[in-house]
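Right, here's the structure in full:
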C-alpha cells in the first residue's frame with residue numbers, strides 16, 4: 001500500500017500550517033524507511049530463490065550426461081561380450097555431451113599447446129627444458145581448462161617450456 | 001556515507017525552530033529515498049553475481065566426474081585388450097560419484113519400487129494391470145528421480161499398477 005517515492009512530492013509552501021508540514025514529512029520519511037526495510041527483506045528472499053533456481057538449472061543440464069552414462073553401463077552389463085573399444089566409443093559421446101553442457105554454461109573447454117603460458121588460464125604443473133620453443137610455451141596439456149579467462153571455471157594443468165640450464169645462467 | 005535508519009532518530013520537540021525541523025525532516029526523507037535507490041542498484045548487481053557464483057560452484061562440482069570419465073576412456077584407448085566388464089566396473093564408480101555430486105547439491109536420488117505413486121515425485125510413463133498390488137503402486141523405475149519432493153530436480157519415470165479391466169468397470 002506504500003506509494004512510489006516519486007509520487008510523494010515535496011510541498012513546503014509557507015502558507016501550509018507548519019505542524020501539518022512536520023507531521024506529513026515525518027510520515028513520508030517513515031514510509032520511506034518502511035519501504036527500505038521491506039525491500040531488504042524481499043531481496044534477501046529473492047537472492048535465496050535465485051540461487052536455488054540457478055543450482056537446479058545447472059544440475060538439470062548435467063542429468064542427461066549421467067543418464068547416458070548409465071545407459072551405456074546397462075548395455076554392457078546385459079552383455080559382457082562387448083569389447084572395451086565399442087564401449088569406449090559410446091562413452092566418448094557422453095564425454096562430448098558433458099563438454100557441450102559446460103560450454104552452454106559459459107565455460108568453453110580449451111587444451112591448446114604451443115600457446116604462451118597465461119597464469120589466468122594455465123596452471124604449470126611441470127616445467128621441461130626445451131630449446132626449440134621460447135620459454136613459457138605450453139608444451140602439453142595434462143588436464144583441460146574451462147572458461148574464457150574472464151569467467152574462469154578451472155585453469156588447464158600444463159607442462160610449460162623452460163630455457164635449458166646453460167641459457168638460464 | 002548515509003546513516004543507518006535507526007540512527008536518524010525523531011525529535012519533534014516544540015522548542016525547535018519549525019523551519020529547521022522541516023528542513024531536517026526533508027533531508028532525512030531524501031536520504032532514505034537515496035538509500036532506497038542505492039539498495040535497488042546494489043541488489044541488481046548482487047543478484048547477477050550470486051547467480052554466476054552459483055553457476056560456477058555447481059559446474060565445478062561436476063568437473064571431477066568428467067575428469068574420471070576421461071581417465072577411464074584414456075585407459076581403455078591405450079590398451080584395447082581390456083574387457084568391457086573391467087571398464088564398466090570403473091565407470092560404475094564415475095556414476096556413483098555423479099550421484100554423490102547431486103546429493104551434495106540437495107538432490108537425493110531415489111528409485112524405490114512398491115511405494116504409492118506420488119505425482120510430485122513420479123511421472124507415470126506406463127500403466128500395467130496388476131492384481132496382486134493396489135492400483136497406483138510403483139512397479140518399476142525406468143529412470144531414477146532426484147529431489148526430496150519439496151526441492152525436486154526431476155521426477156522418476158515409472159511403471160505404475162492399474163486395476164485389471166474387470167475391476168475398473
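Protein chains in written order, with the UniProt record's numbering: chain L, 1 to 169; chain B, 1 to 169. For glycine and all other residues, C-beta sits at the position ideal for the given N, C-alpha and C.
Alpha helix (DSSP H) containing residue 146(L): first to last residue?
In the first chain, the residue the question calls residue 146(L) occupies position 146. Here residue 146(L) belongs to no alpha helix (DSSP H); instead the beta strand (DSSP E) covers 145-147.
At a CB distance below 7 Å, what residues from the segment 72-85 of chain B approach chain L? Give them in sequence order.
73, 76, 77, 80, 82, 83, 84 and 85
What residue does the alpha helix (DSSP H) around residue 153(B) start on, and which one ends it?
Working through the second chain from its first residue, we reach residue 153(B) at position 153. Here residue 153(B) belongs to no alpha helix (DSSP H); instead the beta strand (DSSP E) covers 152-154.
Quick one: is residue 142(L) near chain B, going by C-beta distance under 7 Å?
For the purposes of this step, residue 142(L) is identified with residue 142 of the first chain, where counting begins at 1. Not closer than 7 Å to any Cβ of chain B, the Cβ of residue 142(L) fails to qualify, so no.
Just by C-beta distance, which residues in the segment 102-120 of chain B are closer than 9 Å to chain L?
102, 105, 106 and 107
Element boundaries [beta strand (DSSP E), containing residue 54(B)]
Your numbering for residue 54(B) matches position 54 in the second chain. Not the beta strand (DSSP E): residue 54(B) falls in the alpha helix (DSSP H), residues 18-78.
Step through the CB atoms of chain B and report whether any lies within less than 7 Å of the CB of residue 22(L).
The sequence position of residue 22(L) within the first chain is 22, counting from 1. Judged by the 7 Å Cβ criterion, residue 22(L) is in contact with chain B.
In angstroms, rounded to a whole number, what distance separates the CA positions of residue 115(L) and residue 39(L)?
Here residue 115(L) corresponds to residue number 115 of the first chain, with the count starting at 1. Here residue 39(L) corresponds to residue number 39 of the first chain, with the count starting at 1. Each residue's alpha carbon lies about 49 Å from the other.
In the DSSP assignment, find the beta strand (DSSP E) that holds residue 125(B) and state where it starts and stops.
Translated into positions along the second chain, residue 125(B) becomes position 125. It spans 122-129 - the beta strand (DSSP E) in which residue 125(B) sits, taken as one unbroken run.
For residue 105(L), which option in 57(L), 164(L), 19(L) and 25(L) has the closest C-alpha, if you only look at C-alpha atoms?
Locating residue 105(L) in the first chain gives position 105, where the first residue counts as 1. Among 57(L), 164(L), 19(L) and 25(L), the Cα nearest to that of residue 105(L) belongs to 57(L).
Please report the residue range of the alpha helix (DSSP H) in which residue 96(L) lies.
Counted from its first residue, the first chain places residue 96(L) at position 96. Element bounds for residue 96(L): 84-104.
Put residue 157(L) into one of helix, strand or coil per three-state DSSP.
Here the question's residue 157(L) lines up with position 157 in the first chain. Looking at residue 157(L) - three-state DSSP - the assignment turns out to be strand.
Could you tell me the alpha carbon to alpha carbon distance between residue 44(B) and residue 148(L), rounded to whole angstroms?
Numbered from its first residue, the second chain carries residue 44(B) at position 44. Numbered from its first residue, the first chain carries residue 148(L) at position 148. C-alpha separation (whole angstroms): 24 Å.
Would you tell me roughly how many angstroms separate the C-alpha atoms of residue 28(B) and residue 29(L), rounded to the nearest one?
Indexing the second chain from 1 puts residue 28(B) at position 28. Indexing the first chain from 1 puts residue 29(L) at position 29. Rounded to whole angstroms, residue 28(B) to residue 29(L) spans 7 Å at the Cα level.
Between 88(B), 63(B), 62(B) and 61(B), which lies nearest to residue 73(B) when the distance is taken from Cα to Cα?
Counting from 1 along the second chain, the entry for residue 73(B) is found at position 73. It is 88(B).
Among the residues of its own chain, which have a CB less than 6 Å from the CB of residue 146(L), if the five just before and after it don't count?
Locating residue 146(L) in the first chain gives position 146, counting from the first residue. So the qualifying residues of the chain are 102, 107, 109, 153 and 154.
Please confirm if residue 95(L) has its CB atom under 7 Å from at least one CB of chain B.
Position 95 of the first chain, counted from the first residue, corresponds to residue 95(L). Residue 95(L) counts as touching chain B.
When 144(L), 99(L), 100(L) and 46(L) are compared against residue 113(L), the one with the closest alpha-carbon
Locating residue 113(L) in the first chain gives position 113, where the first residue counts as 1. Ranking 144(L), 99(L), 100(L) and 46(L) by Cα distance to residue 113(L) puts 144(L) first.
For residue 21(L), count neighbouring C-beta atoms within 10 Å of its own C-beta (all shown protein chains included) and say buried if the count is 16 or more, exposed if not.
Working through the first chain from its first residue, we reach residue 21(L) at position 21. Residue 21(L) is buried by the Cβ-count criterion.
Output yes if chain B places a C-beta closer than 7 Å to the C-beta of residue 54(L); else output no.
As a first step, residue 54(L) is located in the first chain; it is residue number 54 there, counting from the start. So yes, residue 54(L) belongs to the interface.
Contacts that residue 18(L) makes with chain B (C-beta to C-beta distance below 9 Å):
For the purposes of this step, residue 18(L) is taken as the residue at position 18 of the first chain. Those are 18, 19, 21 and 22, listed as they occur along chain B.
So residue 60(B) and residue 36(L) are supposed to be a Cβ contact under 8 Å. How far apart are they, rounded?
Translated into the one-based positions of the second chain, residue 60(B) becomes position 60. Translated into the one-based positions of the first chain, residue 36(L) becomes position 36. Not really, about 36 Å apart at Cβ, beyond 8 Å.
Just grab the DSSP bridge partners of residue 110(B) for me.
Counting from 1 along the second chain, the entry for residue 110(B) is found at position 110. DSSP lists 145(B) as partners of residue 110(B).
So, with DSSP's three-state summary, where would you put residue 163(L)?
As a position in the first chain, residue 163(L) is number 163, starting the count at 1. In this structure, residue 163(L) counts as coil in the three-state DSSP scheme.
Could you check how far apart the C-beta atoms of residue 100(L) and residue 69(B) are, in whole angstroms? I think they sit under 8 Å.
Here residue 100(L) is taken as the residue at index 100 of the first chain, counted from 1. Here residue 69(B) is taken as the residue at index 69 of the second chain, counted from 1. Actually they do not touch by this definition, with Cβ atoms about 14 Å apart.
Going by beta carbon distance, what residues of the same chain come within less than 6 Å of residue 165(L), once the five residues before and after it are set aside?
For this step, residue 165(L) is matched to residue 165 along the first chain. So the list is empty, once near-sequence residues are dropped.
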